[in-house]
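Colleague: Take the sequence shown: its letters are residues 46 to 231, numbered as in the working numbering. For every residue, glycine included, the Cβ atom is placed at its ideal position computed from N, Cα and C. For reference, the structure I am asking about is given below.
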Amino acid sequence: MNQEAMRSIPKAEVLVEALPYMKAFSGKYFVIKYGGQAMVSSKLMESVVLDLILLKYIGVKPVLVHGGGKEVNLVMEKLGKKPNFVNGLRVTDDETMEIVEMVLMGKVNQHIVSLINRHGGTAVGLSGRDAGILQARRKEGPIIESDDGLETIDLGRVGEIIQVNPSLIHTVSDSGYIPVLSSIGA
46 MNQEAMRSIP KAEVLVEALP YMKAFSGKYF VIKYGGQAMV SSKLMESVVL
96 DLILLKYIGV KPVLVHGGGK EVNLVMEKLG KKPNFVNGLR VTDDETMEIV
146 EMVLMGKVNQ HIVSLINRHG GTAVGLSGRD AGILQARRKE GPIIESDDGL
196 ETIDLGRVGE IIQVNPSLIH TVSDSGYIPV LSSIGA
C-alpha cells in the first residue's frame with residue numbers, strides 16, 4: 046500500500062466513527078455562543094469558522110451568537126470613555142450602548158461573516174433586534190454594600206433575554222446560510 050493510502054486510513058476511521066453523530070444531528074440547529082479569548086486570536090477565529098463550515102456541510106444548521114466585549118473596550122478607550130464593570134457586568138449608559146451597537150453589529154459581526162465567506166461558507170449577519178429575534182428586558186443590577194447600606198446598582202441598558210423568536214434565523218438557515226447573530230436584543 047502506498048504512503049498516501051496509509052495516511053488516508055486514520056481519516057477514514059474518524060469519519061466512520063463520526064457517522065452516527067452526523068446522522069443524529071443532521072438537520073438540527075446548533076446555537077454556538079462565541080466570545081472571549083476565542084475572538085482575540087486570529088488562529089482560534091479561523092478554527093471556529095472552519096468548524097462552523099464543516100457543521101454546515103455535514104447537515105447541521107449552525108447559528109453563531111457572538112459577543113465582543115474586548116473589542117468594545119478597545120473602541121471605548123480610543124474614544125476616551127472608560128469601561129465600567131460591577132461584579133463582571135458592564136454598566137451601559139446610552140453613549141456606551143451606541144458604542145456596543147457599532148462594534149458588535151458593525152465591526153465584529155461583519156468581520157465574522159467575511160471570514161466565513163472567505164473560507165468557503167456563506168453567512169448572513171444579523172442582530173438580535175432584527176425581526177425581534179431576541180426579546181430582552183433590563184437586567185436588575187447587583188446589590189452591593191455602600192456607605193449608605195445596601196444599594197442596587199443600575200446597569201443601564203444591560204439586558205437579559207426573555208424570549209427568542211427564531212423564525213428569521215430559520216429562514217436564513219433554511220436558505221443555506223449560516224446566521225451570525227450579534228447579542229443585542231430588542
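Compute the Euclidean distance between the alpha carbons of Gln208 and Leu200, then round it to the nearest angstrom.
Modeller: Numbered from its first residue, the sequence shown carries residue 208 at position 163. Numbered from its first residue, the sequence shown carries residue 200 at position 155. So the alpha carbons of these two residues sit roughly 20 angstroms apart.
Colleague: In whole angstroms, what is the alpha-carbon distance linking Val110 and Asn47?
Modeller: Your numbering for residue 110 matches position 65 in the sequence shown. Your numbering for residue 47 matches position 2 in the sequence shown. Roughly 44 angstroms between the two C-alpha positions.
Colleague: Take the Cβ of Pro65 as the centre, count every other Cβ of all protein chains shown within 10 Å, and call the residue buried at 16 or more, exposed below.
Modeller: Translated into positions along the sequence shown, residue 65 becomes position 20. Its Cβ having fewer than 16 others within 10 Å, Pro65 is exposed.
Colleague: Locate the alpha helix (DSSP H) running through Ser228, then write down its first and last residues.
Modeller: Residue numbering aside, residue 228 sits at position 183 when the sequence shown is read from its first letter. First-last for Ser228: undefined, no H or E at that position.
Colleague: May I ask you to verify whether the segment 57-71 touches the segment 177-191, counting CB pairs closer than 8 angstroms and requiring at least 3?
Modeller: Not touching, per the Cβ criterion.
Colleague: Assign Val153 to buried or exposed, taking buried as 16 or more other Cβ atoms, counted over all protein chains shown, within 10 Å of its Cβ.
Modeller: Here residue 153 refers to the residue found at position 108 when the sequence shown is read from its first residue. It is buried - the Cβ of Val153 has at least 16 other Cβ atoms within 10 Å.
Colleague: Grab the span of the alpha helix (DSSP H) containing Ser92 for me, first residue to last.
Modeller: Residue 92 sits at position 47 when you count from the first residue of the sequence shown. Start and end: Ser87 to Tyr102.
Colleague: Below 8 angstroms, can you find three or more Cβ-Cβ pairs linking the segment 140-153 to the segment 67-81?
Modeller: Judged by Cβ distances under 8 angstroms, the segment 140-153 makes no contact with the segment 67-81, as fewer than three pairs qualify.
Colleague: Expressed to the nearest angstrom, what Euclidean distance is found between the alpha-carbon atoms of Ile103 and Asn129?
Modeller: Walking along the sequence shown from the start, residue 103 turns up at place 58. Walking along the sequence shown from the start, residue 129 turns up at place 84. Looking at the two C-alpha atoms, the distance is approximately 43 angstroms.
Colleague: Report back the beta-carbon spacing between Val225 and Val169 to the nearest angstrom; my notes put them in contact at under 8 angstroms.
Modeller: By 1-based counting over the sequence shown, the position of residue 225 is 180. By 1-based counting over the sequence shown, the position of residue 169 is 124. Indeed they touch by this definition, with Cβ atoms about 7 angstroms apart.
Colleague: So, Met150 versus Ser212, is the Cβ gap smaller than 8 angstroms?
Modeller: Stepping through the sequence shown from its first residue, residue 150 is reached at position 105. Stepping through the sequence shown from its first residue, residue 212 is reached at position 167. No; because the gap between Cβ atoms is not below 8 angstroms, this pair is not in contact.
Colleague: Going by C-alpha to C-alpha distance, which of Arg202, His164 and Leu124 sits closest to Asp96?
Modeller: For the purposes of this step, residue 96 is taken as residue 51 along the sequence shown, with counting starting at 1. Here the closest residue by C-alpha is His164.
Colleague: Report the option in Glu116, Ile189, Ile161 and Arg52 whose CA atom is closest to the CA atom of Val85.
Modeller: Translated into the one-based positions of the sequence shown, residue 85 becomes position 40. Measuring from the Cα of Val85, the nearest candidate turns out to be Glu116.
Colleague: Once the 5 residues before and after Glu205 are set aside, which same chain residues still bring their CB inside 7 angstroms of it?
Modeller: As a working note, residue 205 is residue 160 in the sequence shown. Once the five neighbours on either side are set aside, the close Cβ partners of Glu205 are Ala181, Arg182 and Lys184.
Colleague: Could you give the uninterrupted runs of the alpha helix (DSSP H) lying entirely in the segment 138-200, keeping only those of 4 residues or more?
Modeller: Complete alpha helix (DSSP H) runs here, min 4: 139-146 and 154-163.
Colleague: Between the C-alpha atoms of Thr216 and Asn118, what's the straight-line distance to the nearest angstrom?
Modeller: Start at 1 with the first residue of the sequence shown, and residue 216 comes out as number 171. Start at 1 with the first residue of the sequence shown, and residue 118 comes out as number 73. Near 33 angstroms, if we compare the C-alpha coordinates of Asn118 and Thr216.
Colleague: Given a threshold of 16 other Cβ atoms within 10 Å of its Cβ, counted over all protein chains shown, does Leu171 qualify as buried or as exposed?
Modeller: Mapped onto the sequence shown, residue 171 falls at position 126. Leu171 should be labelled buried.
Colleague: Which whole-angstrom value describes the C-beta separation of Ile223 and Lys101, a residue pair presumed to lie in contact below a C-beta threshold of 8 angstroms?
Modeller: If you number the sequence shown from 1, residue 223 lands on position 178. If you number the sequence shown from 1, residue 101 lands on position 56. The Cβ separation is near 6 angstroms, so the contact holds.
Colleague: Which residues mark the beginning and the end of the alpha helix (DSSP H) in which Lys123 is found?
Modeller: Translated into positions along the sequence shown, residue 123 becomes position 78. Taken as a continuous stretch (DSSP letters only), the alpha helix (DSSP H) holding Lys123 covers Gly114 to Lys123.
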